[in-house]
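S.K.:
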Amino acid sequence: MATKVVMVDDIDGYDGEDVAKRDFEVAGTQFTIDLGDANHKRLTETLEILAPYLEKAVVVKAAGRSRKSNADVTPRLRGYTNTDVREWAKREGVEVSVRGKIADEVYEQFIAAHPDARPGTDPQSGPQLQDEPRTQDGSQPQDEPEPQDMRS
4 MATKVVMVDD
14 IDGYDGEDVA
24 KRDFEVAGTQ
34 FTIDLGDANH
44 KRLTETLEIL
54 APYLEKAVVV
64 KAAGRSRKSN
74 ADVTPRLRGY
84 TNTDVREWAK
94 REGVEVSVRG
104 KIADEVYEQF
114 IAAHPDARPG
124 TDPQSGPQLQ
134 DEPRTQDGSQ
144 PQDEPEPQDM
154 RS
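Convert by adding 3 to the 1-based position in the sequence shown; the result is the number in the numbering used here.
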């Protein structure tokens, strides 16, 4: 049994005998496309029109590789930054790197000292730094109003 391959023009769906793979290059990038003679002629004419523009144009490099998103990664801390962790570690005498990755052990110690930093804790409670004064119920004390002089 024989198999017949029918080439189809990628632009207009034409399936004539003249349809073939056509290779071309634009600004150093190689392309291939299946085209009949009519669309190949249009492509060639278009590339000829484009050529002087490509010769004068300046290549703009891409902004660089984007970093992998951490959107699907569970955050290490809720409501605190790495700077907060480093400052706390310095105050507590815990050895921590000045830059780069903070050791898992340091995060664990920080979370032990700041339970509200644990990811998944109640977001309404917010970060509570240890050195901030708190009342027994955990809220910040309210400033007493200044006594006013009632003498006239």
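Even glycine gets a Cβ: it sits at the ideal position worked out from N, Cα and C.
Just to check my reading of the structure: V22 and V11 have Cβ atoms closer than 8 angstroms, yes? What is that Cβ distance to the nearest angstrom?
M.R.: Counted from its first residue, the sequence shown places residue 22 at position 19. Counted from its first residue, the sequence shown places residue 11 at position 8. About 6 angstroms; that satisfies the 8 angstroms criterion.
S.K.: Who are T35's beta bridge partners in DSSP?
M.R.: Taking the sequence shown and counting its residues from 1, the one referred to as residue 35 is at position 32. T35 pairs with D26.
S.K.: So, at 8 angstroms on beta carbons, what are the nonlocal neighbours of F34 in its own chain, with the 5 sequence-adjacent residues on each side left out?
M.R.: On the sequence shown, residue 34 is found 31 positions in, with the first residue counted as 1. If we look at F34 and ignore the five residues flanking it on each side, its Cβ neighbours are D26, F27 and E28.
S.K.: Which stretch, first to last residue, makes up the alpha helix (DSSP H) that contains I105?
M.R.: Translated into positions along the sequence shown, residue 105 becomes position 102. Careful: I105 lies outside any alpha helix (DSSP H) and carries neither H nor E.
S.K.: Just curious, the alpha helix (DSSP H) that Y56 is in, first and last residue?
M.R.: Within the sequence shown, residue 56 is the residue found at index 53, counting from 1. Run containing Y56: D40 to K59, per the alpha helix (DSSP H) assignment.
S.K.: Excluding the five sequence neighbours on either side, which residues of its own chain have a C-beta within less than 8 angstroms of the C-beta of N85, listed in chain order?
M.R.: The residue given as residue 85 occupies position 82 in the sequence shown. The answer, listed in chain order, is I105.
S.K.: Restricting to Cα atoms, I'd like to know which of G96, F113, V88 and L38 is closest to G103.
M.R.: In the sequence shown, the residue the question calls residue 103 occupies position 100. Minimum Cα distance to G103 is reached at V88.
S.K.: Anyone know if the C-beta pair for A116 and L80 falls short of 7 angstroms?
M.R.: Looking up residue 116 in the sequence shown gives position 113. Looking up residue 80 in the sequence shown gives position 77. Taking 7 angstroms as the Cβ cut-off, A116 and L80 do not qualify as a contacting pair.
S.K.: Whole angstroms is fine: what's the gap from I52's alpha carbon to L46's?
M.R.: By 1-based counting over the sequence shown, the position of residue 52 is 49. By 1-based counting over the sequence shown, the position of residue 46 is 43. Each residue's Cα considered, the two are about 10 angstroms apart.
S.K.: Assuming A92 is part of the alpha helix (DSSP H), what are its boundary residues?
M.R.: The count along the sequence shown starts at 1 and reaches residue 92 at position 89. Taken as a continuous stretch (DSSP letters only), the alpha helix (DSSP H) holding A92 covers N85 to E95.
S.K.: Between M10 and chain D, is any beta-carbon pair separated by less than 7 angstroms?
M.R.: Looking for chain D here will not work: only one protein chain is present.
S.K.: Just the C-alpha distance for L57 and G19, rounded to the nearest angstrom, thanks.
M.R.: Here residue 57 corresponds to residue number 54 of the sequence shown, with the count starting at 1. Here residue 19 corresponds to residue number 16 of the sequence shown, with the count starting at 1. Computed Cα separation, rounded: 33 angstroms.
S.K.: Pull up the distance between the alpha-carbon of A66 and that of G31, whole angstroms please.
M.R.: Residue numbering aside, residue 66 sits at position 63 when the sequence shown is read from its first letter. Residue numbering aside, residue 31 sits at position 28 when the sequence shown is read from its first letter. Each residue's alpha carbon lies about 19 angstroms from the other.
S.K.: Less than 7 angstroms separating the beta-carbons of I36 and D15?
M.R.: Within the sequence shown, the letter at position 33 stands for residue 36. Within the sequence shown, the letter at position 12 stands for residue 15. Result no, Cβ atoms of I36 and D15 do not sit closer than 7 angstroms.
S.K.: Out of curiosity, what's the CA-to-CA distance linking Q112 and V101?
M.R.: As a first step, residue 112 is located in the sequence shown; it is residue number 109 there, counting from the start. As a first step, residue 101 is located in the sequence shown; it is residue number 98 there, counting from the start. Those two C-alpha atoms are separated by around 17 angstroms.
S.K.: Express the C-alpha separation of R94 and V63 in angstroms, rounding to a whole number.
M.R.: Taking the first residue of the sequence shown as position 1, residue 63 is located at position 60. Taking the first residue of the sequence shown as position 1, residue 94 is located at position 91. Rounded to the nearest angstrom, the two C-alpha atoms are 48 angstroms apart.
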